[in-house]
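In the working numbering, the protein residues as written are 672 to 832. Glycine is no exception: its CB is placed at the ideal position from the N, C-alpha and C atoms. Please read these numbers as outputs of a predicted model, since none were measured by experiment. Worksheet: one structure, shown below.
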């Protein structure tokens, strides 16, 4: 296991993927533009869970807080998903303006998040088991939450063409 983690840390971000991992603004809009207007969100799971210690610390919240989590795949103009997304909304945030995110179904979070606003964002880039991932901690209308986006192999193949 340690050897595998070491190998993952030694990998460099593919040049084509760097701009996507560090881009600001709406990934929804950026993927829609890349796919010439085609974009789809397919939710896989929605559930409550306790915040991880790392996520709680990043959002400066107690670790015992519960969060509503939405996991989904984002599709462009191909049959295979391009991005694996996970959004983590502490219950405290869902009592504010961010409560709309708990009921958006197949709509992209970016549609609401970037509508007439530019939320404050802290970002970190990681290499996880599924691929290169950007984690963004947003502060939107006083609510803090995390959006994690993992770029899948099908996306990397598409942008290399």
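Check this for me: beta carbons of residue i and residue j, under 7 Å apart or not?
i	j	result
residue 738	residue 710	no
residue 810	residue 791	yes
residue 776	residue 697	no
residue 819	residue 806	yes
residue 705	residue 752	no
residue 793	residue 808	yes
residue 749	residue 715	no
Work out the CA separation of residue j and residue i for me, nearest whole Å.
i	j	result
residue 755	residue 813	26 Å
residue 802	residue 774	28 Å
residue 684	residue 733	33 Å
residue 689	residue 730	25 Å
residue 817	residue 744	16 Å
residue 795	residue 789	18 Å
residue 783	residue 771	9 Å
residue 726	residue 735	11 Å
residue 723	residue 703	31 Å
residue 693	residue 821	12 Å
residue 708	residue 829	15 Å
residue 766	residue 713	25 Å
residue 728	residue 804	19 Å
residue 695	residue 687	16 Å
residue 873	residue 691	Residue 873 lies beyond the residue range present for the chain, which begins at 672 and ends at 832; the question has no answer from this structure.
Mapping the DSSP letters down to three states, classify residue i as helix, strand or coil.
i	result
residue 753	coil
residue 770	helix
residue 684	coil
residue 734	coil
Relative to the alpha-carbon of residue i, which residue among the options has its alpha-carbon at the smallest distance?
i	options	result
residue 746	692, 778, 717 and 795	778
residue 717	804, 805, 763 and 757	757
residue 786	700, 765 and 707	700
residue 657	712, 762 and 752	Residue 657 lies beyond the range of the chain shown here (672 to 832); nothing can be said about it.
residue 682	815, 798, 784 and 830	798
residue 740	750, 719 and 748	719
Is residue i near the ligand GDP, going by C-beta to nearest heavy atom under 6 Å?
i	result
residue 706	Within the structure as shown, the ligand GDP is missing, as the structure has no ligands at all.
Legend entry - Those runs of the alpha helix (DSSP H) which lie wholly inside the segment 690-723 and span at least 4 residues: 698-705
Inset, instruction - Note down, one range per segment and in chain order, each alpha helix (DSSP H) of at least 4 residues found wholly within the segment 773-828. - result: 780-784
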